[in-house]
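Protein chains in written order, with the working numbering: chain A, 1 to 112; chain B, 113 to 230.
Backbone N, C-alpha and C define an ideal beta-carbon position, used for all residues, glycine too.
All values derive from a computational prediction rather than experimental measurement.
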């Protein structure tokens, strides 16, 4: 049974560029949440997608957007990258958003 | 608003000794509480959760946690530490109001680095 998968594992971009990160949820899960983990910090909630809609959003600017596909996989898009966007981006999946969220290995983004 | 505090940045314990990693929380309704562990360059791995019921929760790898509503705490414990337990531990909370609805997001503490010394 495959767990949560994310791609790519690492990414290097320059300021002002745009990036797309991808996530496939655990089998049987229909909800995807995205978190940003800066170095030395706990994960910060970006948003959650359920039934292809953004259901809840954390305190992140509109440069951060997402999408969920009919097969429940999801993308995180970040526009106009800033140096401060350098972080580990974690995807988590769950059933209807309740109870336990299971995390993927993350995508490490470096913005130069 | 929901929040989590992990007062210790680092905990050192000798192999074979009991370990405790502390966590306190703040919510406006009822808490759903979680512990996750993170190994270097890896994602978060679920250890255990408290939703309702028995205040002592048992999880993976011999870990357990005790929910204390009066002290708003959810400390992680293990009777006998292993060197392989050395990792970064995160406590997280979801705020559930009395009608059963509430926040879907997890709010995490800053993490506690556990070092088990051989």
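Given residue 56 of chain A, which residues of its chain have a CB within under 7 Å of its CB, disregarding the five upstream and five downstream residues?
Once the five neighbours on either side are set aside, the close Cβ partners of residue 56 of chain A are 47, 48.
Which chain A residues are close to residue 163 of chain B, counting only those with a beta carbon under 9 Å from its beta carbon?
Correct list: 99.
Between B:131, B:197, B:144, B:132, which has its C-alpha nearest residue 184 of chain B's C-alpha?
Checked all of B:131, B:197, B:144, B:132; the closest Cα to residue 184 of chain B is B:144.
Identify the continuous beta strand (DSSP E) that holds residue 131 of chain B and give its terminal residues.
Unbroken beta strand (DSSP E) run through residue 131 of chain B: 131 to 133.
Can you tell me the Cα-Cα spacing of residue 19 of chain A and residue 33 of chain A, whole angstroms?
Taking the straight line from one Cα to the other gives about 17 Å.
What ranges does the beta strand (DSSP E) occupy inside the region 7 to 59 of chain A, keeping only unbroken runs of at least 3 residues that lie completely in it?
As far as the region 7 to 59 of chain A is concerned, its whole beta strand (DSSP E) runs of at least 3 residues are 10 to 13, 19 to 24, 31 to 37, 44 to 50, 53 to 57.
Quick one, which of A:44, A:68, A:70 has its alpha-carbon nearest residue 60 of chain A's?
Of the listed residues, the one whose Cα sits closest to residue 60 of chain A is A:44.
Under 8 Å between C-beta atoms, does residue 28 of chain A make it to chain B?
Not closer than 8 Å to any Cβ of chain B, the Cβ of residue 28 of chain A fails to qualify, so no.
Distance cutoff 8 Å, beta carbons only. Does residue 134 of chain B sit that close to anything in chain A?
Judged by the 8 Å Cβ criterion, residue 134 of chain B is not in contact with chain A.
Looking at chain A, is there any beta carbon in it that lies within less than 8 Å of the beta carbon of residue 226 of chain B?
No, because no Cβ of chain A sits closer than 8 Å to the Cβ of residue 226 of chain B.
When you compare only the Cα positions, how much space is there between residue 79 of chain A and residue 101 of chain A?
The straight-line gap from Cα to Cα measures roughly 26 Å.
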